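Trainee: First the structure, then my questions, so here it is.
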């Protein structure tokens with residue numbers, strides 16, 4: 004009975020989440036056209052709405068830990084769920100993602116993503132996209148903000164191991180910016196597929212920054228160890244709390 008009630012609450016939550024995306028997209032259309040600031044405001048409003056409704060509709064609290072960067076840095080994050088996208092973007096003042104090229108065609112999501120400065124990347128052409136982005140930054144054409152990349156290139160379920168893509172290291176080296184690793188346990192509560200959302204406390208944690216200038220191989224090793232170790236710890240803590248209740 005408890006599972007059925009939570010499943011129904013999850014269904015309602017998921018439905019209203021997409022309705023809210025449509026409503027906010029329509030309400031902020033003109034501000035987004037007028038300026039990038041308007042698009043950023045819309046995206047932050049949506050993130051705030053989702054995290055707020057998750058708390059009281061499905062019992063899923065969202066907690067951001069660590070020092071959130073406000074300067075020009077590279078954010079290298081663990082990706083387990085759509086929820087970590089929402090939590091990371093909602094915490095940053097001017098975030099912009101390296102996103103799958105196909106997402107630019109998604110209604111509302113794609114248009115607002117491009118407006119806030121997200122960089123669409125085609126699978127198999129990531130190297131070309133990185134070179135273009137680096138060139139845009141050097142020429143002063145790229146929009147300012149915190150560039151977010153998912154180092155494994157896709158959502159990875161808790162406990163599953165997947166290699167870290169070298170693209171993160173290339174960006175780190177070419178941009179000459181500090182890198183802020185981000186760990187999460189969001190996938191424990193919000194799986195990649197399915198309706199059900201688990202109650203609990205989803206955490207996104209901004210870890211100590213890696214200063215610019217580290218050689219590529221040591222950087223990638225440091226990044227993976229930091230993100231995986233902390234994410235595993237957050238996952239264990241979430242699972243322990245679930246068993247305790």
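Numbering (my numbering), first residue to last: 4 to 248.
We put the CB at the ideal spot given by N, CA and C, even for glycine.
Fair warning: this is a prediction, and the values are worked out from it, not measured in the lab.
1. Starting from the N-terminal side, write out each stretch of the beta strand (DSSP E) that is 3 residues or longer and does not extend beyond the stretch 28-74.
2. Let me know the secondary structure DSSP gives residue 175 once reduced to three states.
3. Is residue 67 close to chain C, meaning its C-beta is less than 8 angstroms from at least one C-beta of that chain?
4. Can you tell me where the beta strand (DSSP E) holding residue 204 begins and where it ends?
5. Taking all protein chains shown into account, decide if residue 90 is buried (16 or more other Cβ within 10 angstroms of its Cβ) or exposed.
6. Leaving aside the five residues before and after residue 66 along the sequence, list all residues of the same chain whose C-beta is less than 6 angstroms from its C-beta, in chain order.
7. Can you give me the C-alpha to C-alpha distance between residue 31 and residue 211, rounded to a whole angstrom?
8. Among 114, 217, 146, which residue has its Cα nearest to the Cα of residue 300?
9. Please find out if some non-hydrogen atom of the ligand ADP comes closer than 7 angstroms to the beta-carbon of residue 4.
10. Taking three-plus beta-carbon pairs below 8 angstroms as touching, is the stretch 97-107 in contact with the stretch 230-239?
11. So for residue 170, helix, strand or coil by DSSP?
12. I'd like to check one pair, residue 208 with residue 69: are the Cβ atoms closer than 8 angstroms?
13. So, under 8 angstroms CB-CB, residue 56 and residue 85 are touching, yes? Tell me the CB distance rounded to an integer number of Å.
14. Please report the Cβ distance between residue 147 and residue 75, rounded to the nearest whole angstrom; I am assuming they are in contact, meaning their Cβ atoms lie under 8 angstroms.
15. Need the endpoints of the alpha helix (DSSP H) that residue 114 sits in, please.
16. Compare the Cα-Cα distances from residue 9 to each of 215, 201, 243, 213 and report the closest residue.
17. From which residue to which residue does the beta strand (DSSP E) around residue 98 run?
18. Looking at C-alpha atoms only, which residue of 158, 173, 19 is the closest neighbour of residue 53?
19. Have a look at 83, 46, 195 and flag the residue whose alpha-carbon is nearest the alpha-carbon of residue 95.
Mentor: In short, the structure shows the following:
1. 63-69
2. DSSP places residue 175 in helix when its eight states are reduced to three.
3. No chain C appears in this structure, which consists of one protein chain only.
4. 203-209
5. buried
6. 204, 206
7. Answer to the nearest angstrom: the Cα atoms are 35 angstroms apart.
8. Summary: the structure shown does not reach residue 300, with the chain confined to residues 4 through 248, and so no result is reported for it.
9. This structure lacks the ligand ADP; in fact it carries no ligand of any kind.
10. no
11. helix
12. yes
13. Not quite, the Cβ-Cβ distance comes to about 14 angstroms (not below 8 angstroms), so this is no contact.
14. Indeed they touch by this definition, with Cβ atoms about 6 angstroms apart.
15. 112-118
16. 201
17. Looking at the DSSP string, the run of the beta strand (DSSP E) that includes residue 98 is 98-103.
18. With distances taken between Cα atoms, residue 53 lies closest to 19.
19. 46
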